[in-house]
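Inspection log for the structure reproduced underneath, given as structure tokens.
Number of protein chains: 2
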Amino acid sequence: MKIAILGTGAGARQHAARLSALGHQVIVGTRSPDATLARTEPDMMGTEPFAAFHAVHPELTLVTFAEAADAGELIINGIDGTNAVAALTALPAASLAGKVLIDYAVPYIYQQPVDPQHSWPTPWGEMPRLDPVDTDSLAEQIQRALPDTMVVKTFVTQEQETVVNPGEFGGGDHTMFLAGDHEDAKTAAREILTAYGWNDIADLGALAAARGLEMYAHFHTALGLALGSRFGVKIVR
Amino acid sequence: MKIAILGTGAGARQHAARLSALGHQVIVGTRSPDATLARTEPDMMGTEPFAAFHAVHPELTLVTFAEAADAGELIINGIDGTNAVAALTALPAASLAGKVLIDYAVPYIYQQPVDPQHSWPTPWGEMPRLDPVDTDSLAEQIQRALPDTMVVKTFVTQEQETVVNPGEFGGGDHTMFLAGDHEDAKTAAREILTAYGWNDIADLGALAAARGLEMYAHFHTALGLALGSRFGVKIVR
Numbered sequence: 701m702k703i704a705i706l707g708t709g710a711g712a713r714q715h716a717a718r719l720s721a722l723g724h725q726v727i728v729g730t731r732s733p734d735a736t737l738a739r740t741e742p743d744m745m746g747t748e749p750f751a752a753f754h755a756v757h758p759e760l761t762l763v764t765f766a767e768a769a770d771a772g773e774l775i776i777n778g779i780d781g782t783n784a785v786a787a788l789t790a791l792p793a794a795s796l797a798g799k800v801l802i803d804y805a806v807p808y809i810y811q812q813p814v815d816p817q818h819s820w821p822t823p824w825g826e827m828p829r830l831d832p833v834d835t836d837s838l839a840e841q842i843q844r845a846l847p848d849t850m851v852v853k854t855f856v857t858q859e860q861e862t863v864v865n866p867g868e869f870g871g872g873d874h875t876m877f878l879a880g881d882h883e884d885a886k887t888a889a890r891e892i893l894t895a896y897g898w899n900d901i902a903d904l905g906a907l908a909a910a911r912g913l914e915m916y917a918h919f920h921t922a923l924g925l926a927l928g929s930r931f932g933v934k935i936v937r
Numbered sequence: 701m702k703i704a705i706l707g708t709g710a711g712a713r714q715h716a717a718r719l720s721a722l723g724h725q726v727i728v729g730t731r732s733p734d735a736t737l738a739r740t741e742p743d744m745m746g747t748e749p750f751a752a753f754h755a756v757h758p759e760l761t762l763v764t765f766a767e768a769a770d771a772g773e774l775i776i777n778g779i780d781g782t783n784a785v786a787a788l789t790a791l792p793a794a795s796l797a798g799k800v801l802i803d804y805a806v807p808y809i810y811q812q813p814v815d816p817q818h819s820w821p822t823p824w825g826e827m828p829r830l831d832p833v834d835t836d837s838l839a840e841q842i843q844r845a846l847p848d849t850m851v852v853k854t855f856v857t858q859e860q861e862t863v864v865n866p867g868e869f870g871g872g873d874h875t876m877f878l879a880g881d882h883e884d885a886k887t888a889a890r891e892i893l894t895a896y897g898w899n900d901i902a903d904l905g906a907l908a909a910a911r912g913l914e915m916y917a918h919f920h921t922a923l924g925l926a927l928g929s930r931f932g933v934k935i936v937r
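Chains A and B are the protein sequences, given in the same order. Just so we're aligned: 884 in this note's numbering is position 184 of the first sequence, and the numbers increase by one with no gaps anywhere. Just so we're aligned: 864 in this note's numbering is position 164 of the second sequence, and the numbers increase by one with no gaps anywhere.
So, in structure tokens, the structure goes:
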């Protein structure tokens, strides 16, 4: 399948490399391919320049967001939450209409300074706040902005390295979640998850449940810091 | 131990009955014992009148919030999130000072009408919103209001029936979480959890992590509705 991945961050790279290894034709989209390839320094999260990653994965095509979306039969949105709705709605409508779009972003807002009363320090700085939160979600915002696209939220409860390789710990015996208003989109997401190695996939229902998946981020972060390791959650009944 | 449980709702009753069965002296506090005992109809959640529960558990003492807090060596807060801070700060300071207080509330706000764009219908009505959320938590609000009390957040990721009896499913092999700024309070909470039957208890760190535990409610609700059954989460590493 031709899969477009919009975004060149650490998560997007994990999906691009894994889907390519699984035999898909992967097209990576970025705002400006020239600017993306010209960067020579790690970003603020310490992620190596894209060019270094691309040198190891020359099979990945790097084009503009619009060209990638147009070419993709299925879209994976790896644009950060702050910019996703604006970047997606700037694309020609036909490039996304009728297609499945998988969104995995946590809509973090890095806002300083923080009221000391509400400070939540972490090893990498203050815990960012979420926007939207509680009564809305990024996934729903994207779905409302793109009514002819079929949005599904998944991947978001795991580190991107373990989304694409759940067997990294616990023998892979843990659970992945998805939510969406379109059954066809969920089926497409399940096929990718199964190819990644997930064998326990829980459907949380309508896309409104993406609120719970995005808000899960604070729990996930606190537990990851406390454990000092990656982890998964296995649903027990 | 003398344990005060503030509140007479379904959750408070589960803890009261279970702690009493474990040999503790349980004192239940309510705003007005006469009014609580006079009710003859189920509440809005379908919970039977307290008098019917009390008839089966005559060993439980029912007194005012202030009398219960004064008598308790450890406090379990079962007052709903909307009223908890006001009710707790109305008590004589000495009745709570120096004591451990376990809080398990989800700070739901049942607010109608809901913007149709943000509607999240459930079998029992609209999903309530959370207040506080994201940059604060009810547990932190209580801790700030009661600086001489040692607040610990726990229980909140499970139905109250399974908090007190984790073996109800999965052979009890799932995980309970806690967060707090006082190690003594966490130790006290762990002792109660262990007596309830929990053998996997994860400490999420500082009380700020209560944000993640409270926000977990939307994920928990969506998954419970999707599964149609109670469930637990087992942390897998």
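By construction, the Cβ of each residue, glycine as well, lies at the ideal position given by its N, Cα and C atoms. Here the structure is a predicted model, which means the values were calculated and not measured.
So, does the CB of B:Leu913 fall closer than 9 Å to a CB anywhere in chain A?
The count along the second sequence starts at 1 and reaches residue 913 of chain B at position 213. For B:Leu913, the answer is yes, since a Cβ of chain A falls inside 9 Å of its Cβ.
Quick one: does B:Phe855 have its CB under 9 Å from some CB of chain A?
Counting from 1 along the second sequence, the entry for residue 855 of chain B is found at position 155. Not one chain A Cβ lies under 9 Å of B:Phe855.
Shortest alpha-carbon distance to B:Gly958 belongs to which of B:Val856, B:Asn899 and B:Leu846?
Because chain B here runs from 701 to 937, residue 958 of chain B falls outside it and cannot be looked at.
Which whole runs of the beta strand (DSSP E) in the stretch 791-816 of chain A are 3 residues long or more, in chain order?
800-803
How many Å lie between B:Pro758 and B:Gly723 at the Cα?
As a working note, residue 758 of chain B is residue 58 in the second sequence. As a working note, residue 723 of chain B is residue 23 in the second sequence. Whole-angstrom Cα-Cα distance: 14 Å.
Sorted by chain position, which residues of the same chain lie with C-beta nearer than 7 Å to A:Ala910's C-beta, five sequence neighbours on each side aside?
Walking along the first sequence from the start, residue 910 of chain A turns up at place 210. Excluding sequence neighbours, A:Ala910 sits near Ser837, Ala839, Glu840, Lys853 and Ala879.
Using 10 angstroms around the beta-carbon of A:Trp820, count the other beta-carbons present and answer buried if the total reaches 16, otherwise exposed.
On the first sequence, residue 820 of chain A is found 120 positions in, with the first residue counted as 1. So A:Trp820 counts as buried.
For A:Tyr916, return the contacting residues in chain B, with the cut-off set at a CB-CB distance below 9 Å.
Here residue 916 of chain A refers to the residue found at position 216 of the first sequence. Under the 9 Å cutoff, chain B gives Gly912, Met915, Tyr916, His918 and Phe919.
Local conformation of B:Pro749 per DSSP, three classes
As a first step, residue 749 of chain B must be located in the second sequence, where it is residue number 49. If DSSP states are grouped into helix, strand and coil, B:Pro749 belongs with coil.
At a cut of 8 Å, does the stretch 908-928 of chain B reach the stretch 883-892 of chain B through at least three beta carbon pairs?
Counting C-beta pairs with one atom in each stretch, the stretch 908-928 of chain B and the stretch 883-892 of chain B have fewer than three that are closer than 8 Å, which means they do not touch.
Going by the beta-carbon positions, is the gap between B:Thr740 and B:Ala755 smaller than 9 Å?
Looking up residue 740 of chain B in the second sequence gives position 40. Looking up residue 755 of chain B in the second sequence gives position 55. Against a cut-off of 9 Å, the Cβ pair of B:Ala755 and B:Thr740 comes out as no contact.
Hey, could you find the ends of the alpha helix (DSSP H) A:Val856 is sitting in?
Here residue 856 of chain A is taken as the residue at index 156 of the first sequence, counted from 1. Careful: A:Val856 lies outside any alpha helix (DSSP H) and carries neither H nor E.
Which residue from A:Ala710, A:Leu719, A:Lys702 and A:Gly711 puts its Cα closest to that of A:Gly897?
As a working mapping, residue 897 of chain A is identified with position 197 in the first sequence. The shortest Cα separation from A:Gly897 among A:Ala710, A:Leu719, A:Lys702 and A:Gly711 belongs to A:Leu719.
List, in order along the chain, the chain A residues whose C-beta lies closer than 8 Å to that of B:Phe869?
Reading the second sequence from its first residue, position 169 is the one you call residue 869 of chain B. Residues of chain A with a Cβ closer than 8 Å to the Cβ of B:Phe869 are, in chain order, Val936 and Arg937.
Along the stretch 834-854 of chain B, what residues have a CB closer than 9 Å to any CB found in chain A?
Asp834, Thr835, Asp836, Glu840 and Arg844
Note down, in chain order, every chain B residue with its Cβ under 8 Å from the Cβ of A:His882.
Counting from one through the first sequence, the residue named residue 882 of chain A turns up at place 182. Neighbours of A:His882 on chain B: none; closest Cβ ~16 Å, over 8 Å.
May I have a chain-ordered list of the alpha helix (DSSP H) segments no shorter than 4 residues that lie completely inside the stretch 823-859 of chain A?
838-845
Anything in chain B within Cβ reach of A:Gly905, meaning under 7 Å, just list it in chain order.
Residue numbering aside, residue 905 of chain A sits at position 205 when the first sequence is read from its first letter. Here the neighbours are Ala922, Leu925 and Ala926.
Any residues in the stretch 820-831 of chain B with a beta carbon nearer than 7 Å to a beta carbon of chain A? Which ones, in chain order?
Trp820, Arg829 and Leu830
Is A:Gly871 helix, strand or coil when you go by DSSP?
Within the first sequence, numbered from 1, the residue matching residue 871 of chain A stands at position 171. Reduced to three states, the DSSP call for A:Gly871 is helix.
Give the DSSP-derived three-state secondary structure of A:Thr949 in the structure shown.
One cannot answer for residue 949 of chain A here, as it falls past the ends of chain A, which runs 701 to 937.
B:Ala902 touches chain A at which residues, Cβ-Cβ below 7 Å?
If you number the second sequence from 1, residue 902 of chain B lands on position 202. The contacting residues are Leu923 and Ala926.
Considering A:Met951, what are the terminal residues of the beta strand (DSSP E) in which it resides?
Nothing about residue 951 of chain A can be read from this structure; chain A reaches only from 701 to 937.
Under 8 Å from the C-beta of B:Ser795: neighbouring residues of chain A:
Position 95 of the second sequence, counting from 1, holds the residue named residue 795 of chain B. Within 8 Å Cβ-Cβ: nothing; B:Ser795 doesn't reach chain A, min ~25 Å.
Applying the criterion that 16 or more other CB atoms from any shown protein chain within 10 Å of the CB defines a buried residue, is A:Asn777 buried or exposed?
Taking the first sequence and counting its residues from 1, one reaches residue 777 of chain A at position 77. Its Cβ being crowded by 16 or more others within 10 Å, A:Asn777 is buried.
On the CB-based measure, 16 or more other CB atoms within 10 Å of its CB, does B:Phe804 come out buried or exposed?
Your numbering for residue 804 of chain B matches position 104 in the second sequence. Checking the sequence, you will find Tyr at residue 804 of chain B rather than Phe. Under this definition B:Tyr804 is a buried residue.
Closest Cα partner of A:Ala704 within the set A:Met827, A:Trp824 and A:Ile779:
Here residue 704 of chain A refers to the residue found at position 4 of the first sequence. For the residues A:Met827, A:Trp824 and A:Ile779, the minimum Cα distance to A:Ala704 belongs to A:Ile779.
Cβ-Cβ separation, A:Gly798 to A:Glu767 (assumed contact under 8 Å), whole Å:
As a working note, residue 767 of chain A is residue 67 in the first sequence. As a working note, residue 798 of chain A is residue 98 in the first sequence. Between A:Gly798 and A:Glu767 the Cβ distance is about 18 Å, and since that is not below 8 Å, they are no contact.
Given A:Ile901, which residues of its chain have a CB within under 8 Å of its CB, disregarding the five upstream and five downstream residues?
On the first sequence, residue 901 of chain A is found 201 positions in, with the first residue counted as 1. Hits under 8 Å: Thr875, Met876, Phe877, Leu878, Arg890, Leu893 and Thr894.
Could you pull out every residue in the same chain whose Cβ sits closer than 8 Å to the Cβ of B:Pro828, ignoring the five residues on either side in sequence?
Walking along the second sequence from the start, residue 828 of chain B turns up at place 128. Excluding positions up to five away in sequence, the list reads Tyr808, Ile809, Tyr810 and Gln811.
Supposed contact pair B:Leu801 and B:Met850 - C-beta distance, whole angstroms, cut 8 Å:
Taking the first residue of the second sequence as position 1, residue 850 of chain B is located at position 150. Taking the first residue of the second sequence as position 1, residue 801 of chain B is located at position 101. Confirmed, Cβ separation roughly 7 Å.
For a contact meaning CB atoms closer than 7 Å, what does B:Ala908 contact in chain A?
Within the second sequence, residue 908 of chain B is the residue found at index 208, counting from 1. Chain A residues near B:Ala908: Trp820.
Does the distance from the C-beta atom of B:Thr862 to that of B:Arg930 stay below 9 Å?
Mapped onto the second sequence, residue 862 of chain B falls at position 162. Mapped onto the second sequence, residue 930 of chain B falls at position 230. Contact flag set, yes.
Would B:Ala879 count as contacting chain A if we go by Cβ distances under 9 Å?
Mapped onto the second sequence, residue 879 of chain B falls at position 179. By this cut-off, B:Ala879 is an interface position.
Please tell me whether B:Arg930 has its Cβ less than 9 Å away from any Cβ of chain A.
In the second sequence, counting from the first residue as 1, residue 930 of chain B sits at position 230. True, the Cβ-Cβ gap to chain A drops below 9 Å.
Between A:Met744 and A:Ala710, is the Cβ-Cβ spacing less than 9 Å?
Against the first sequence, residue 744 of chain A aligns to sequence position 44. Against the first sequence, residue 710 of chain A aligns to sequence position 10. For A:Met744 and A:Ala710, no; Cβs fall outside 9 Å.
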